[in-house]
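In what follows, a single structure is set out as structure tokens and then discussed.
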Amino acid sequence: MPASSQNRQGKAFATWMERCEALLEEQDEANYLAKKQLAAQVRAYLANCAETHEKEQLFMRRRVGELLGDELGRYEDRAPSKFSTIATPKSQSGEDDEDEDDEELQIEDSWNSAMVRAKSVKPAIKKERAEGLDLTADELFKKLLARRSRMPVSKRYVHRCLDKFVKAWTDKYGRFSSLLPEVEVPFGGQTIVVGDTHGQLEDVLTIFLAHGTPSNRNRYVFNGDIADRGPNACEIFLLLFAFFIEDPDSLVIIRGNHEDEEMNKLTSEEGGGFHDEVLRKYTGGIFMKFEAIYKMLPLAAVVQQELFVVHGGLARNAKSNLTLPFIRDIDAGIVSCPHGGCYPLCLEEQVFQDLLWSDPQEKLGWEANPRGAGIKWGPDLTAAFLKRTGLKWIIRSHQLPEEKRGFSTHHLGLVYTLFSASNYCGTSGNKGAVCLLELRPNSSISNEEGCCLAARFEEHYAPALEHGKLKEISELPDITARRAALEEAGAARASEDIQKVGKRQERAILHRMAGKVVELRPELWEDFRKCDDKRTGKVTFCSWCDILTSVCGENFPWSMGGELWGVTEADSEEEKAAQADLPKGKRLVDYRRFLHRFDVGVNKEKWVGWKTILMKDAYEALYCRDADLKATLALFDPDHTGKVSMQNFLKVLQSEVEVDDSPGQRTSHVLSTSQLQSLAHGLFPAEDEDDDAPPELSVHEFFERFTVIYRQAKAMTGDDPLAEWRDSLNHIGHLLLKKDRMSNQPGITRVKTGASIHSRKTVFQVQRLAHQFEKGDESGDGLLTRSELVDYLKGLEGIEDVMHKGHPIGDADLEELALQLDQLSGRETGKVNLFSFLEAFIVERPAGQDFDAAEEFMCEHILSFLYRHRHAVCCGCHEADAALTGRISSGAFAEVLRGIDISLAKTRRTFSDVQIDGLAESLGEEDGSFSYFEPRPQRCVKIS
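Reading the sequence shown from the start, the letters are residues 1 to 944 in the UniProt record's numbering.
Written as structure tokens, this is what we have:
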């Protein structure tokens with residue numbers, strides 16, 4: 001490709017990436033609301049289950065007391081609930097011995113409301129307030145500048161810092177009772193408003209170096225979204241808390257939409273990550289304390305009685321009746337944002353949500369926000385709100401400004417968006433900014449003190465934290481020199497990042513695209529198969545793009561992503577030449593290879609065990625019928641064509657597992673409809689078939705495929721009752737095939753098939769075994785009695801040479817074998833059906849056929865289901881684990897999965913109870929516990 005063409009393509013893709021970043025951030029947060037709604041439904045389900053279980057236990061205790069004629073008090077010790085957490089020693093939970101004396105989170109209800117005034121705080125008072133902490137705020141600041149480890153702050157310090165912050169904040173503002181503090185700008189000092197920092201510690205340290213650390217003369221207002229996305233939100237919170245503890249007048253922290261428990265439980269890719277960060281560095285108990293602190297943070301602040309600082313924006317009632325007293329009186333102890341249901345239930349919740357989630361627009365009025373929460377409000381709402389409240393302008397954050405700036409203006413300069421995280425997420429290349437507010441004497445425009453509020457915005461680009469540059473700059477003698485050094489270091493890093501940002505954006509968006517493919521892979525399989533009517537396994541590149549756009553969304557550059565993934569690349573030189581002669585849109589994409597390129601990573605040993613259990617249960621659901629030979633053949637081949645169609649196969653298995661699996665009902669069937677579809681696609685590969693032929697197999701090839709899969713499943717699960725017989729059965733199988741000559745076979749016809757030579761040989765083997773089964777059936781009822789089977793095997797030439805347990809097989813051994821085959825159906829009937837006979841005596845696995853595909857097809861959508869709803873899994877486990885030990889019982893984990901399944905079900909459930917219980921058991925530990933603090937299922941992707 002010519003260089004100019006490559007440059008044009010690179011520029012186009014960069015434009016797409018910038019558009020994607022903006023759209024996907026909105027999409028992440030919109031998806032989050034749906035995830036939070038699901039998590040709330042799962043919590044409600046678990047609460048109902050726990051209540052029901054408690055009532056059952058109470059009833060049983062009373063009943064036992066009545067039966068024994070004793071008082072109920074003798075039986076007050078409750079039986080352990082299936083929702084009980086697993087007691088975890090400190091060595092396992094990650095708690096050090098030094099944390100044994102950590103106090104529980106205590107918050108006082110009393111409070112004294114007070115205006116924020118400039119007061120002189122002596123060093124001795126700061127030291128007294130910080131007593132009990134190992135570090136002062138300045139010492140912590142210096143330690144973070146010289147950071148050399150992943151966890152520079154001990155758990156002991158974190159626990160005590162959080163507790164002392166709660167005490168200090170409650171003393172100053174009260175608990176949940178001051179959601180609109182008033183901040184004054186100190187005369188001769190300044191107040192600095194900071195926008196989103198999102199865990200980017202280097203930006204906070206840069207701001208403190210450039211403008212000074214927090215004090216009563218150098219106040220800060222942090223406008224929310226400290227948590228999530230970046231790796232060091234813990235350190236930012238702790239640093240701010242430490243300064244507040246020493247001087248409560250030094251800063252105010254406003255709540256953002258990311259100061260939310262369930263938002264934090266999303267992965268960093270999805271817009272969250274703080275939950276994972278805390279658990280990676282510390283413990284679940286510390287996260288619970290952060291969660292409690294969120295509820296204390298104000299929704300907005302009023303600076304110098306003229307500036308309204310809020311994270312998101314105005315509420316939808318801003319034009320009519322939104323007032324400052326209304327915001328101040330919202331009870332954060334009751335109202336939360338966003339509500340777990342579809343919509344907020346009251347006006348307070350609506351305002352709460354809008355203040356944290358809204359965005360400005362330039363047209364009048366308001367409309368629904370694409371984020372899924374809040375609104376997009378116009379200049380008329382701004383003007384009405386400012387006039388009613390007597391305020392003059394608004395600073396909000398929540399959005400990355402355009403043109404890679406740190407701030408932007410809206411509504412004719414009445415609204416400013418402020419964003420402080422430079423090079424946001426390492427992919428945006430933007431500057432960060434802060435707003436510096438000062439009081440200046442002005443006789444024409446003045447407040448009651450004869451001063452006016454002056455504001456200026458200053459941008460920055462933070463140097464990298466890892467290189468130690470910030471530490472060097474902090475040692476410079478004065479703030480002017482530090483600012484100059486920071487500007488120089490930031491410019492150097494920005495120049496370096498220009499070369500890296502493009503690649504980071506590319507990889508980040510390709511990773512997001514891969515994640516979407518993983519989440520929606522079952523739907524993609526279905527659409528690709530519909531498009532591939534000739535079942536070649538390939539579609540045109542144009543069709544590939546259209547399907548991905550319709551299923552996964554249009555916010556991704558699928559065409560350019562396909563080129564970077566090389567989806568049209570061929571294996572052979574001949575195919576490459578043929579592809580090169582075709583226009584881009586007509587080139588063929590092997591969609592099977594593309595979809596197998598992305599996978600969900602789980603514990604392979606445990607997962608394989610569970611999915612093979614499903615395959616085994618699916619087969620056993622059929623041979624438990626104990627149907628005779630003719631009925632078995634007619635079951636799958638009702639028209640006696642010698643073929644089994646996919647439609648007939650699905651019909652038979654659905655009839656075997658049909659029960660009430662409507663939402664809210666417990667179900668015990670083996671496979672759901674969608675799983676049966678996946679299993680069918682694994683059993684009916686489209687290889688070497690006529691273009692217009694429907695998916696079908698010969699009867700005997702179908703039996704052979706299904707039987708071999710079943711045998712593999714039993715071998716992998718270690719649940720094979722015939723395991724000690726396998727060598728003997730293999731020998732007997734050869735004797736049966738040797739006896740048969742395929743001549744004059746009543747009722748059995750040799751079926752032509754398009755399979756390979758080796759495959760035809762194996763299908764021939766199945767036909768021969770079916771013929772032997774029929775010959776042994778002397779009564780003609782389509783089943784072999786145990787005596788008929790023993791007599792027929794005794795008549796085989798060479799049976800005396802078959803060894804079992806080190807000796808020649810005898811009559812007693814054959815009778816024991818017949819009993820084992822009879823019991824395969826789950827009950828002793830005295831007869832052996834065709835499925836049991838084939839399962840025992842098929843002697844070889846055909847080469848050239850991928851029978852593992854059946855398992856993969858059937859189970860892949862279950863992995864996609866778990867990956868898609870991993871947030872609900874995490875929240876459900878969190879709810880079931882009241883003590884946040886990181887471990888719950890397997891039974892509780894099963895209830896979490898069941899709650900998700902029931903909450904999502906519309907007409908039919910995705911999981912069966914058999915699958916849920918089996919999955920919970922297989923992923924659990926030997927002691928019956930399940931560790932959900934382990935890394936959640938992640939996808940394994942190949943980007944290049």
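A virtual CB, placed ideally from N, CA and C, is assigned to each residue, including glycine.
Note on Glu403: under 16 other CB atoms within 10 angstroms of its CB, so exposed under the neighbour-count rule. Sequence-distant partners of Lys516 (beyond 5 residues in either direction) whose C-beta falls short of 8 angstroms from its own C-beta, in its chain, are Cys552, Gly553, Phe556. Pairing Asp478 with Asp225, the inter-Cα distance amounts to about 31 angstroms. Sixteen is the threshold: when 16 or more other Cβ atoms of the shown chains lie within 10 Å of the Cβ of Glu701, as they do, the residue is buried. Pairing Gly174 with Ile509, the inter-Cα distance amounts to about 44 angstroms.
If you check the CB distance, Ile286 and Val204 do not come in under 8 angstroms. The beta-carbon distance between Leu324 and Ala315, rounded to whole angstroms, is 12 angstroms. This is too long to meet the 8 angstroms contact definition.
Here the alpha carbons of Phe290 and Asp163 stand approximately 10 angstroms from one another. Between Gln820 and Asp813, the alpha-carbon positions lie close to 10 angstroms from each other. CA-to-CA, the gap between Ser397 and Leu465 works out to about 24 angstroms. Between Ile375 and Ala368, the beta carbon gap of about 7 angstroms places them in contact (Cβ cut-off 8 angstroms).
Of the candidates Gly502, Asp546, His596, the residue whose Cα lies closest to the Cα of Gly585 is Asp546. Collapsing the DSSP output to three states places Leu524 in a helix. When only Cα atoms are considered, Ser543 and Leu588 end up about 9 angstroms apart.
Between Gly378 and Leu364 a beta carbon distance of about 4 angstroms is seen, short of the 8 angstroms cut, so the two are scored as contacting.
Listed in chain order, the beta strand (DSSP E) runs fully inside the region 346-390 are 366-368, 375-377, counting runs of at least 3 residues. Three or more pairs of CB atoms, one per stretch, sit closer than 8 angstroms, so the region 215-230 contacts the region 246-261. Judged by their CB atoms, Ile888 and Tyr932 are nearer to each other than the 8 angstroms cut-off. Beta bridge pairing from DSSP links Tyr416 with Ile395, Thr409. When beta bridges are read from the DSSP output, Lys831 appears opposite Thr785. Glu496: member of the alpha helix (DSSP H) spanning 479-519, first to last residue. If you draw a 10 Å sphere on the C-beta of Asn232, you find 16 or more other C-beta atoms in it, and that means buried. In the three-state reduction of the DSSP assignment, Ala44 falls in the helix class, which pools H, G and I. Excluding five sequence positions before and after Phe528, the CB atoms of its chain that fall closer than 7 angstroms to its own CB belong to Val539, Ile547, Tyr591, given in chain order. Taking a C-beta distance under 8 angstroms as the contact criterion, Arg405 and Leu436 do not qualify as a contact pair.
Counting only the Cα atoms, Val166 lies some 18 angstroms from Ile334.
Ranked by how close their Cα comes to the Cα of Phe835, the residues Ala770, Leu381, Ala433 have Ala770 in first place. Under DSSP, His807 shares a beta bridge with His804. Taken atom to atom, the span from the alpha-carbon of Ala840 to that of Ala818 is near 10 angstroms. Cβ neighbours of Val310 within its own chain (closer than 6 angstroms, five residues either side excluded): Ala300, Leu355, Arg396. Residue pairing from DSSP leaves His734 without any beta-bridge partner. Minimum Cα-Cα distance from Tyr792 among the listed residues Asp811, Gly806, Lys805 corresponds to Asp811. With a 10 Å radius around the Cβ and a threshold of 16 neighbouring Cβ atoms, Leu266 comes out buried.
By the CB criterion at 8 angstroms, Leu897 and Leu919 fall inside the cutoff.
Cβ atoms of Ala489 and Pro463 come within 8 angstroms of each other, at about 4 angstroms. Cβ atoms of Asp228 and Gly195 stay farther apart than 8 angstroms, at about 14 angstroms.
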